[in-house]
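Participant: Residue numbers (full-length UniProt numbering): 1 to 440.
My questions will all concern the structure given below.
Set out below in C-alpha cells:
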C-alpha cells in the first residue's frame, strides 16, 4: 500500500533536519552499514500509532543560484505544496515570526493542504509562551517542540497522523508485474517509456494512478502482463524540478513504493554521478527488485571493452546492489531494447521466490561446515535453523543461540551462499537473526 507523504518546510536553521531525524528514529541505520550508500538522506519512513508515512526533509536540499536563501525557501514550499499530503511548517521560537516565515505561510495557505505548525527550540518551560505568536498564521494550534531534547515530538506526530488521508490504491492481479522507472532528469526515462509501449503496441488502457500526476499504463508482452508506473510528473513544472537533481527523488518515491520492479535509468553518455546513488538507495531501502538500465548507449564511443568497463563502474559505485543486473540499450534507436523485459520478468520472479525450509537449511549447514562462525571472547555462534518468512523481498530469519554473536561479515557470507544456491538475481535479501526461545 502506498504511504501518504509528509513534508517538513521552513526557512533555514529552524531545525527541520533534527525533527526529521527524531521522527524516522534509527530506521536508516539498517542500511547505513551497507557500503556505497550515501548518508545525507532527505526521505525516510515514519510510523506513529500504527500509521506509516513517507517523510521529506526539505532541509536536505541545496539549491545553487542567485539569492540562494529566498530561492531555496520558495522552492521548498513549492515542493511541499506539490508532493505532500500533510505539511509540517517549522518555525523558530527564539526568532519569532520572520518575513521569510510569512512568505512561506502565505504560499501554504493558498495550497489548501493540511498544515501543522511546529515551533522548534522550545527547550524549557520558560519558552513555552513563545508559541502563542504563531497562532497568527491561522493554521490552528501551533505545537512546541525541541529537536535537541525530543520533547513535544509525540504531540507533533499525533497532529500529523490525525490529518493523514487514507490512500486508495489501484489493485492488479498477482501475475501483473508493476514496473517503475526512476532516475535523475535527462537520463531518458520518458523516451524509454515511449519506446517500451511503442514497441509492444498492445496498450490496454490508461488508468489514472493513485499518486498525483502519475499514470498507470497496462500492457502485455509474450503472455506476461505489466503495468508501467509512469513518473512523468517528474518532468512537469520543469522550472522547479530541473533546477536541482535532488527533486527527482520526490517524484520517484511513490512510484517505488507501488512497484514490483524498479528500473534505475542511468545516462550512458554522461556516466554515473552521486545523485544516481541517492536514487538507487531508495529502491534498495524499499526492498524492491531492481535493475540498472544504461540508456543512450547508441551515442557512447565503444570498444569491445566499453560495456564491461561501464558495468564495473556500476559495481564499484553501487556496492550495496551487486545483485542488480545491468541492461545496456538505446531508447531512441531501440538498440538492445528487446533484452529489457525478459530481465524484468526474471527479477520479478526472483523477488517473489520462496525457498523450502529444508533446502535453505541444507545450504546454510554446508556454508557453516565450510566456514564456521568466528569465536567472540571464547564463544561461538550456533545456528539452529533458518526459515524464509516473507517474499518481496525474500526475508529469512536465522535462529541462533545468541544473536549478538552474528557479525555483519558472516551474515554477508551466508547471504552470498544463499544467493549462490538459489539465484535471487535482482532482488535484495533481508536477513534477521533471532534467539531460539525453546532450546533443549
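Ideal placement from N, C-alpha and C gives every residue a C-beta, glycine not left out.
For the beta strand (DSSP E) that contains residue 95, what are its first and last residues?
Facilitator: Taking the first residue of the chain shown as 1, we reach residue 95 at position 95. First-last for residue 95: undefined, no H or E at that position.
Participant: Compute the minimum distance between the beta carbon of residue 175 and the heavy atoms of the ligand GTP, and state whether it is under 7 Å.
Facilitator: Looking at this structure, you won't find the ligand GTP or any other ligand, since it has none at all.
Participant: Excluding five sequence neighbours on each side, which residues of the same chain lie with their C-beta closer than 7 Å to the C-beta of residue 149?
Facilitator: In the chain shown, residue 149 corresponds to position 149, counting from 1. Excluding sequence neighbours, residue 149 sits near 123.
Participant: Does the structure place the region 260-274 close enough to the region 285-298 that three or more beta carbon pairs sit under 8 Å?
Facilitator: Yes, since at least three Cβ pairs between the region 285-298 and the region 260-274 fall closer than 8 Å, the two stretches touch.
Participant: Just mark residue 135 as buried or exposed, buried being the case when its beta carbon has 16 or more other beta carbons within 10 Å.
Facilitator: Stepping through the chain shown from its first residue, residue 135 is reached at position 135. That one is exposed.
Participant: For the beta strand (DSSP E) holding residue 46, just list the boundary residues, first then last.
Facilitator: One-based indexing of the chain shown puts residue 46 at position 46. Start and end: 43-48.
Participant: From the DSSP output, in three-state form, read off residue 204 for me.
Facilitator: The residue given as residue 204 occupies position 204 in the chain shown. The pLDDT assigned to residue 204 is 34, lower than 50, so where the model puts this residue is not dependable; a value taken from the coordinates is nonetheless given after this. Of the three classes helix, strand and coil, the one that applies to residue 204 here is coil, per DSSP.
Participant: Ignore the nearest five residues each way along the sequence and tell me which others in residue 156's own chain have a CB closer than 6 Å to its CB.
Facilitator: On the chain shown, residue 156 is found 156 positions in, with the first residue counted as 1. Excluding residues within five positions, the ones whose Cβ falls inside 6 Å are 118, 143, 145.
Participant: Please list, in chain order, all residues of the same chain as residue 354 whose beta carbon is under 7 Å from its beta carbon, the five residues on each side excluded.
Facilitator: Working through the chain shown from its first residue, we reach residue 354 at position 354. Result list for residue 354: 388, 391, in chain order.
Participant: In chain order, what residues of the same chain have a beta carbon less than 8 Å from the beta carbon of residue 374, not counting five sequence neighbours either side?
Facilitator: As a working note, residue 374 is residue 374 in the chain shown. Closer than 8 Å at the Cβ level, and outside the excluded window around residue 374, lie 380, 407, 410.
Participant: Is the beta carbon of residue 386 less than 8 Å from the beta carbon of residue 416?
Facilitator: To locate residue 386, count along the chain shown from 1; it is residue 386. To locate residue 416, count along the chain shown from 1; it is residue 416. No, the pair does not count as a contact, with Cβ atoms beyond the cut-off.
Participant: Flag this pair as yes or no: are the beta carbons of residue 347 and residue 289 separated by less than 8 Å?
Facilitator: Numbered from 1 along the chain shown, position 347 holds the residue referred to as residue 347. Numbered from 1 along the chain shown, position 289 holds the residue referred to as residue 289. Yes, they are a contact pair.
Participant: Can you tell me whether residue 226 is helix, strand or coil according to DSSP?
Facilitator: Here the question's residue 226 lines up with position 226 in the chain shown. Residue state, collapsed to three classes: strand.
Participant: Identify the continuous beta strand (DSSP E) that holds residue 435 and give its terminal residues.
Facilitator: In the chain shown, the residue the question calls residue 435 occupies position 435. 430-435 is the extent of the beta strand (DSSP E) around residue 435.
Participant: Within 10 Å of its beta-carbon, does residue 114 have 16 or more other beta-carbons around it, so buried, or fewer, so exposed?
Facilitator: For the purposes of this step, residue 114 is identified with residue 114 of the chain shown, where counting begins at 1. It is buried - the Cβ of residue 114 has at least 16 other Cβ atoms within 10 Å.
Participant: Given a cut-off of 8 Å, decide if residue 340 and residue 221 are closer than it, judged by their beta-carbon atoms.
Facilitator: The sequence position of residue 221 within the chain shown is 221, counting from 1. The sequence position of residue 340 within the chain shown is 340, counting from 1. No, the Cβ-Cβ distance between residue 221 and residue 340 is not below 8 Å.
Participant: Where does residue 286 fall in DSSP's three states?
Facilitator: Here the question's residue 286 lines up with position 286 in the chain shown. In the structure shown, residue 286 sits in coil (DSSP, three-state: anything other than H, G, I, E or B).
Participant: Check for me: the beta strand (DSSP E) holding residue 418 runs from which residue to which?
Facilitator: As a first step, residue 418 must be located in the chain shown, where it is residue number 418. Per DSSP, residue 418 belongs to no beta strand (DSSP E); it is in the alpha helix (DSSP H), 408-422.
Participant: Does the Cβ-Cβ distance between residue 81 and residue 100 come in under 8 Å?
Facilitator: Locating residue 81 in the chain shown gives position 81, where the first residue counts as 1. Locating residue 100 in the chain shown gives position 100, where the first residue counts as 1. Taking 8 Å as the Cβ cut-off, residue 81 and residue 100 do not qualify as a contacting pair.
Participant: Does residue 181 come out as helix, strand or coil in the three-state DSSP assignment?
Facilitator: Residue mapping note: residue 181 aligns to position 181 of the chain shown, counting from 1. DSSP places residue 181 in strand when its eight states are reduced to three.
Participant: Of the residues 337, 398, 376, 331, which one's Cα is nearest the Cα of residue 364?
Facilitator: Locating residue 364 in the chain shown gives position 364, counting from the first residue. Answer by Cα proximity: 398.
Participant: What beta strand (DSSP E) runs, 3 residues minimum, are completely inside the region 327-404?
Facilitator: For the region 327-404, whole beta strand (DSSP E) runs of length 3 or above, ordered along the chain, are 383-390, 395-400.
Participant: Please name the residue in 414, 400, 351 whose C-alpha comes closest to that of residue 371.
Facilitator: The residue given as residue 371 occupies position 371 in the chain shown. The shortest C-alpha separation from residue 371 is found at 414.
Participant: Could you check the C-alpha separation between residue 168 and residue 258 for me, to the nearest Å?
Facilitator: Taking the first residue of the chain shown as 1, we reach residue 168 at position 168. Taking the first residue of the chain shown as 1, we reach residue 258 at position 258. Spanning the two alpha carbons is a distance of roughly 12 Å.
Participant: With a 10 Å radius around its C-beta and 16 neighbouring C-beta atoms as the bar for buried, classify residue 441 as buried or exposed.
Facilitator: Nothing in the structure corresponds to residue 441, since the chain is present only between 1 and 440.
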